[in-house]
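K.L.:
In this note's numbering, the protein residues as written are 26 to 86.
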């Protein structure tokens, strides 16, 4: 779980564009972010195994 202050900080537009980074909107994790699905790898695997991600039939990686 990420700190709520860090999640709120990532949502704001930074002063300089290079300071922007992606966070998982579900758990707030900044690492292993999959831009194609807009979530981290852990949330992606959990949702893909439940069949909630469209176009993905297997998430064994």
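For glycine and all other residues, C-beta sits at the position ideal for the given N, C-alpha and C.
Identify, in the order they occur along the chain, each residue of the same chain with its Cβ nearer than 7 Å to the Cβ of residue 81, setting aside the five sequence neighbours on each side.
P.N.:
Here residue 81 is taken as the residue at index 56 of the chain shown, counted from 1. So the list reads 73, once near-sequence residues are dropped.
K.L.:
Given this structure, state the Cα-to-Cα distance separating residue 61 from residue 77, to the nearest angstrom.
P.N.:
What you label residue 61 is simply residue 36 of the chain shown in a count that begins at 1. What you label residue 77 is simply residue 52 of the chain shown in a count that begins at 1. So the alpha carbons of these two residues sit roughly 15 Å apart.
K.L.:
Suppose the cutoff is 6 Å on Cβ atoms and the five residues either side in sequence are ignored; what does the same chain contact list for residue 35 look like?
P.N.:
The residue given as residue 35 occupies position 10 in the chain shown. Taken in chain order, the residues that qualify are 48.
K.L.:
Between the alpha carbons of residue 75 and residue 64, how many angstroms are there, rounded?
P.N.:
Locating residue 75 in the chain shown gives position 50, where the first residue counts as 1. Locating residue 64 in the chain shown gives position 39, where the first residue counts as 1. Looking at the two C-alpha atoms, the distance is approximately 15 Å.
K.L.:
Can you tell me whether DSSP reads residue 51 as helix, strand or coil?
P.N.:
Counting from one through the chain shown, the residue named residue 51 turns up at place 26. DSSP places residue 51 in coil when its eight states are reduced to three.
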